[in-house]
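J.:
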Amino acid sequence: MAEQNSPDDFNWVAAQSTCNAASMFDRLVAGVKEDVQRRNGLLGRDDGWTFEVHEDGDDEFEVSRVVKSGGRDSTIGALVRFERAGRRIQVHGDDVDVDFTAVVALDAAGACRFVVAEALYSEWEIRRMALELLFFEETESPD
């Protein structure tokens with residue numbers, strides 16, 4: 585499949601002015617909230633997990649896996665934290681193996697994308713990279 589390129593007269597200055605970590609972080613927050621709602625709405629999952637988003641100002645939020653432990657008691661089983669620091673968006677897991685840093689850049693077609701280790705990713709791919717293990721990690725059953 586051929587890579588799409590922008591036209592020769594593409595206004596990269598205008599596109600770059602809106603392609604920044606702050607705006608992409610805001611879009612990331614909104615997308616993650618939708619992902620959490622979708623995961624919490626899945627039928628047929630009997631893992632006892634629910635997920636919550638906690639925002640801590642404009643530059644940080646986390647998604648936690650809440651595990652019911654009988655009755656009304658529940659504990660946080662794992663979490664993924666998103667932090668914006670300047671041009672960087674850092675994603676770290678606590679009790680889940682997630683750790684990467686993304687920056688934003690324009691791709692050859694002029695779309696704003698996330699860059700992780702020199703590879704370009706769309707918004708949904710970054711959300712999947714951050715949340716897939718938190719949402720769907722297989723738990724070890726005692727033998």
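Numbering (this note's numbering), first residue to last: 585 to 727. Built from N, CA and C at the ideal position, the CB exists for glycine as well.
Pick out the complete beta strand (DSSP E) segments inside the stretch 672-714, 3 residues or longer, and give them in chain order.
T.: Those beta strand (DSSP E) runs which fall completely within the stretch 672-714 and span 3+ residues are 672-678, 683-690, 696-700 and 703-705.
J.: Which value, in whole angstroms, describes the spacing of the CA atoms of E728 and Y705?
T.: Absent from the model: residue 728. The displayed extent of the chain is 585 to 727, so no value can be given.
J.: Would a C-beta distance cut-off of 7 Å place T685 and Q674 closer than the cut-off?
T.: A contact, by the Cβ cut-off of 7 Å.
J.: Helix, strand or coil: how does DSSP classify G615 here?
T.: DSSP places G615 in helix when its eight states are reduced to three.
J.: For E709, which residues in the same chain have their Cβ closer than 8 Å to its Cβ, ignoring the five residues on either side in sequence?
T.: Excluding residues within five positions, the ones whose Cβ falls inside 8 Å are F698.
J.: Please report the Cβ distance between A703 and V682, rounded to the nearest whole angstrom; I am assuming they are in contact, meaning their Cβ atoms lie under 8 Å.
T.: Rounded, the Cβ-Cβ distance is 16 Å, inconsistent with contact.
J.: Taking only three categories from DSSP, how would you classify E573?
T.: For residue 573 there is no data in the structure shown, the boundaries of the chain being 585 and 727.
J.: For the stretch 688-698 against the stretch 619-629, do three or more pairs of beta-carbon atoms, one drawn from each stretch, fall closer than 8 Å, so that the two count as touching?
T.: They do not touch, by the three-pair rule.
J.: Let me make sure I understand the geometry here. Which of V616, R649, F645 and V664 has the alpha-carbon closest to that of G632?
T.: Checked all of V616, R649, F645 and V664; the closest Cα to G632 is R649.
J.: Once you ignore the five residues that flank A669 on each side, which residues in its own chain have a CB closer than 8 Å to its CB?
T.: Contacts found: D643.
J.: Roughly how many whole angstroms lie between the Cα atoms of R672 and R665?
T.: Rounded to whole angstroms, R672 to R665 spans 14 Å at the Cα level.
J.: Grab the span of the alpha helix (DSSP H) containing S601 for me, first residue to last.
T.: Where S601 is concerned, the enclosing alpha helix (DSSP H) stretches over W596 to T602.
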